[in-house]
Amino acid sequence: VKLSKYLYTCLILKKKVNMVNLTNVLCIFVFVIFNLNVCESNPILEEAKSFHPWISSVRRELHKIPELMYEEVKTSAFIRKTLDEIGVRYTFPVAVTGIVAEVGQGSPVVALRADFDALPLTEGADVDFKSEHEGRMHACGHDAHTAMLLGAARILKARESSLSGTVRLLFQPAEEGGAGAKRMIGEGALGDAGAIFAVHVTPGFGGALLPLGHISTNTGTILAGAGQFDIVISGAGGHAAAPHQTRDPVLASAAVVQALQQVVARTLDPLQSGVISITYIQGGTTYNVIPAEVKLGGTFRALTHETFAFLEKQVEKVATATAAAYGCEAGVFFKDGVEVTSPSGTKYLEHAYPPTVNNAALTAFAKKVSALVVGEDKLSFDEKPVMGGEDFSFYAEKIPGFFAFLGHATEGHLAPNHSPYFNVDEDVLPIGTALHVSYAIEWLSENKAKLGGKQEL
Numbered sequence: 309v310k311l312s313k314y315l316y317t318c319l320i321l322k323k324k325v326n327m328v329n330l331t332n333v334l335c336i337f338v339f340v341i342f343n344l345n346v347c348e349s350n351p352i353l354e355e356a357k358s359f360h361p362w363i364s365s366v367r368r369e370l371h372k373i374p375e376l377m378y379e380e381v382k383t384s385a386f387i388r389k390t391l392d393e394i395g396v397r398y399t400f401p402v403a404v405t406g407i408v409a410e411v412g413q414g415s416p417v418v419a420l421r422a423d424f425d426a427l428p429l430t431e432g433a434d435v436d437f438k439s440e441h442e443g444r445m446h447a448c449g450h451d452a453h454t455a456m457l458l459g460a461a462r463i464l465k466a467r468e469s470s471l472s473g474t475v476r477l478l479f480q481p482a483e484e485g486g487a488g489a490k491r492m493i494g495e496g497a498l499g500d501a502g503a504i505f506a507v508h509v510t511p512g513f514g515g516a517l518l519p520l521g522h523i524s525t526n527t528g529t530i531l532a533g534a535g536q537f538d539i540v541i542s543g544a545g546g547h548a549a550a551p552h553q554t555r556d557p558v559l560a561s562a563a564v565v566q567a568l569q570q571v572v573a574r575t576l577d578p579l580q581s582g583v584i585s586i587t588y589i590q591g592g593t594t595y596n597v598i599p600a601e602v603k604l605g606g607t608f609r610a611l612t613h614e615t616f617a618f619l620e621k622q623v624e625k626v627a628t629a630t631a632a633a634y635g636c637e638a639g640v641f642f643k644d645g646v647e648v649t650s651p652s653g654t655k656y657l658e659h660a661y662p663p664t665v666n667n668a669a670l671t672a673f674a675k676k677v678s679a680l681v682v683g684e685d686k687l688s689f690d691e692k693p694v695m696g697g698e699d700f701s702f703y704a705e706k707i708p709g710f711f712a713f714l715g716h717a718t719e720g721h722l723a724p725n726h727s728p729y730f731n732v733d734e735d736v737l738p739i740g741t742a743l744h745v746s747y748a749i750e751w752l753s754e755n756k757a758k759l760g761g762k763q764e765l
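For the sequence shown, the residue numbers in the working numbering are 309 to 765.
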């Protein structure tokens, strides 16, 4: 305003002024006007904000009905009902409770993914839309992911006639250990998609807070491969007063735990990252009896396929050799390709998760598009990977993939993922919606030409 008044005095009233000052003022005026244009709101983000209450209401309805892997019956029904209301076509069932929706037509094809299973936690957050399912909670933001993707479906449907191809919306079950992504792929969820995008809400990444609307990721590996194992150590039980007459599996299990902790410290290349954590031990029921058997188990993680395979071999080798040194036998069982049954009776295969690797070209593309939505100052695309695991990795092994963390850290929304007090700041919802829409529209626009039936960036 002051600049405008000064220019009015100089140019309209034609009062005598210092020309140097006038030149400086003109330069500042042009700079301000230019930056106002540069910083004007993203139209897709503004559109998402215009129905922010709707996205929040969707998220809250989902939050009230959390369901565990492959049991997401109510959740899936709600998603389908919402897609029907929007007018988006879809295929169901895919991977038991999953849904694949489509907007647009023809090639190229791009995929967006949201997971929708919950965790076996009792909610501690003080919210009006608390979980109605005892011992079940959306403590990792999957309700937010699904709401954001449904918001994206709404915008994409409104723009369907102008899309340069097809957007496949993957609503996926069983991310939390059930390898839902792998099952979705096996049942054709990716179709002819040439790329896939996903964002994950979180209040922090890599040990630091991630403020609202900030995006963190990197090129290459962003999350570790994650495997699980059980070890059964068998010996010969007996009276605790006569341990010499037993082959004590409790003592052997203690030695196995210590030996496994030395694998990373003494056999893994110091320049490689790896984790072996024992997370449970079960054995014995009373004070004066040495049991015949002890069970223990845990997780192992690595940032490369090679290190992952190395750690897997070492877990088995070290456990069996150490147990043998104490006169016991160790059976090592990895949770990969093992059929299990959920409490509802659904059978599924447990799988180890490979490292999540962001495609370099797709990450560069996503960085450019993300800057248009949230601003370049809110991007951190050179983060170090973390040792968490994600089944988005299965998609990224098949086609170019991009996975990023979207911050929502504000006062009252700082509890970490998987905490019973986890609570998403809903101001992140239109941002996530706009990111999904922008990734899809811009990718389709840049990938119109066919190349051997596949669309490439």
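The C-beta atom is built at its ideal place from N, Cα and C for all residues, glycine as well.
Given the structure is predicted, the values throughout are model-derived calculations rather than measurements.
Residue i versus residue j - alpha carbon distance
{"i": "Gly720", "j": "Phe618", "result": "42 Å"}
{"i": "Val366", "j": "Ala455", "result": "6 Å"}
{"i": "Pro519", "j": "Leu457", "result": "21 Å"}
{"i": "Asp556", "j": "Arg444", "result": "39 Å"}
{"i": "Thr405", "j": "Val381", "result": "6 Å"}
{"i": "Thr741", "j": "Val682", "result": "12 Å"}
{"i": "Asp685", "j": "Ala679", "result": "8 Å"}
{"i": "Gly514", "j": "Asp538", "result": "28 Å"}
{"i": "Phe713", "j": "Thr594", "result": "47 Å"}
{"i": "Ala503", "j": "Phe689", "result": "19 Å"}
{"i": "His547", "j": "Asn596", "result": "6 Å"}
{"i": "Glu393", "j": "Leu498", "result": "24 Å"}
{"i": "Pro416", "j": "Lys706", "result": "16 Å"}
{"i": "Gly521", "j": "His453", "result": "14 Å"}
{"i": "Leu576", "j": "Phe642", "result": "20 Å"}
{"i": "Val507", "j": "Gly543", "result": "48 Å"}
{"i": "Asp735", "j": "Ala600", "result": "55 Å"}
Identity of the residue in the options nearest residue i by Cα
{"i": "Met377", "options": "His522, Phe386, Pro481", "result": "Pro481"}
{"i": "His552", "options": "Thr525, Thr593, Ile598", "result": "Ile598"}
{"i": "Val602", "options": "Leu611, Tyr588, Ala610, Thr612", "result": "Tyr588"}
{"i": "Thr529", "options": "His659, Tyr729, Ser701, Glu750", "result": "Ser701"}
{"i": "Phe608", "options": "Gln590, Pro662, Val648", "result": "Pro662"}
{"i": "Tyr293", "options": "Gly494, Cys636, Asp392", "result": "As shown, the chain starts at 309 and ends at 765. That puts residue 293 outside it, with no answer to give."}
{"i": "Ala447", "options": "Gly645, Val732, Tyr634", "result": "Val732"}
{"i": "Ala532", "options": "Gly515, Ile394, Asp699, Pro651", "result": "Asp699"}
{"i": "Pro252", "options": "Ala549, Ala461, His744, Thr527", "result": "Here the chain has residues from 309 to 765 only, and residue 252 is not among them."}
{"i": "Ala560", "options": "Pro738, His547, Cys636", "result": "Cys636"}
{"i": "Val487", "options": "Gly697, Ile363, Ala669", "result": "The question names Val, but residue 487 in the sequence shown is Ala. Of the candidates Gly697, Ile363, Ala669, the one whose C-alpha sits nearest the C-alpha of Ala487 is Gly697."}
{"i": "Phe424", "options": "Thr554, Ala356, Gly543, Leu478", "result": "Leu478"}
{"i": "Val640", "options": "Val648, Thr575, Thr612, Glu624", "result": "Glu624"}
{"i": "Ala631", "options": "Val540, Gly592, His453, Phe400", "result": "Val540"}
{"i": "Ala534", "options": "Ile739, Asp644, Val402", "result": "Asp644"}
Where residue i falls, given that 16 or more other Cβ within 10 Å makes a residue buried
{"i": "Asp436", "result": "exposed"}
{"i": "Ser358", "result": "exposed"}
{"i": "Gln622", "result": "buried"}
{"i": "Pro361", "result": "exposed"}
{"i": "Gly412", "result": "buried"}
{"i": "His659", "result": "buried"}
{"i": "Ser652", "result": "exposed"}
{"i": "Ser470", "result": "exposed"}
{"i": "Thr649", "result": "exposed"}
Chain-order list of residues whose beta-carbon lies under 7 Å from that of residue i (same chain, five-residue window excluded)
{"i": "Glu369", "result": "Phe386"}
{"i": "Ala748", "result": "Val418, Leu420, Leu464, Val475"}
{"i": "Gly512", "result": "Leu518, Ala717, Pro724"}
{"i": "Asn350", "result": "Leu680, Val681, Ala742"}
{"i": "Glu431", "result": "Lys438, Ser439, Met445, Pro728"}
{"i": "Val745", "result": "Ile352, Ala460, Ile463, Leu464"}
Neighbourhood of residue i by C-beta distance below 6 Å, restricted to the same chain and skipping five residues each side
{"i": "Arg397", "result": "Glu410"}
{"i": "Phe505", "result": "Leu420, Phe710, Tyr747"}
{"i": "His371", "result": "Phe437, His446, Asp451"}
Near the ligand MN: residue i beta-carbon under 7 Å from a heavy atom
{"i": "Leu457", "result": "Among the components modelled here there is no ligand, and therefore nothing to report on the ligand MN."}
Presumed contact (8 Å Cβ cut-off) between residue i and residue j, rounded CB distance
{"i": "Ser585", "j": "Gly606", "result": "5 Å"}
{"i": "Thr510", "j": "Glu691", "result": "No, Thr510 and Glu691 are not in contact; Cβ-Cβ is about 12 Å, not under 8 Å."}
{"i": "Met695", "j": "Val572", "result": "Going by Cβ atoms, the distance from Met695 to Val572 rounds to 11 Å, so no, they are not a contact pair."}
{"i": "Ala403", "j": "Arg491", "result": "4 Å"}
{"i": "Ala704", "j": "Thr664", "result": "6 Å"}
Own chain, CB closer than 8 Å to residue i, minus 5 neighbours either side, in chain order
{"i": "Leu427", "result": "Pro374, Leu376, Arg444, Met445, His446, Ala447, Cys448, Glu484, His726"}
{"i": "Ser384", "result": "Phe400, Pro401, Thr405, Gly406, Ile407, Phe424, Phe479, Pro481"}
{"i": "Ile341", "result": "With a pLDDT of 42 at Ile341, under the threshold of 50, the modelled position of this residue cannot be trusted, and the question is left open."}
Cβ of residue i within 8 Å of any chain D Cβ
{"i": "Ala748", "result": "Included in the structure is just one protein chain, with no chain D present."}
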